[in-house]
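Numbering (my numbering), first residue to last: 666 to 822. Input: a single structure, listed below in structure tokens.
Shown next, in the form of structure tokens:
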């Protein structure tokens, strides 16, 4: 968790002109999502993501935050409500059989037990499905009881 917080701090300091940005790190791909951008644009995606996460809020250096527990270091996923700056999320997709990582794209797909373990950490509602997309249409997260996917493309989906 401390490592995630540090990565989140470092990545949020280097957000360029996009509210959502991705960075290829070799064995991982980091996606940073901020609610506010220095140019004034905003996106409620990180707040929506925070709200649908069915995990307890924990204190952190960033303020109250939620973190998904993914087995076997496949994925790190944290969202926080920063006192100044609003909601922010950081996803770290590790190079595994479930992930495809590129210089400006990343995807993570799981089904079976892994999807079930991840899906249980979200409020799925009556429809038993969540589909969230950011304002820039560069990031999409889909969750059902049997499937879990994250898609990011810097050029748009």
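Even glycine gets a Cβ: it sits at the ideal position worked out from N, Cα and C.
Residues of the same chain with a CB within less than 8 Å of the CB of residue 775, apart from the 5 flanking positions on each side, are 739, 763, 783, 812, 813 and 814 in chain order. Cβ neighbours of residue 793 within its own chain (closer than 7 Å, five residues either side excluded): 809 and 810. Among the bridge pairs identified by DSSP, residue 751 is matched with 747.
Taking C-beta atoms as the reference points, residue 753 and residue 698 count as a pair closer than 8 Å. Judged by DSSP secondary structure, residue 712 falls within the alpha helix (DSSP H) whose first and last residues are 710-717.
Closest option to residue 745, judged by alpha-carbon separation, among 736, 760, 723 and 768: 723. For residue 775, the uninterrupted beta strand (DSSP E) segment begins and ends at 770-776. For residue 747, the closest alpha carbon among the candidates 735, 817, 701 and 772 is that of 701.
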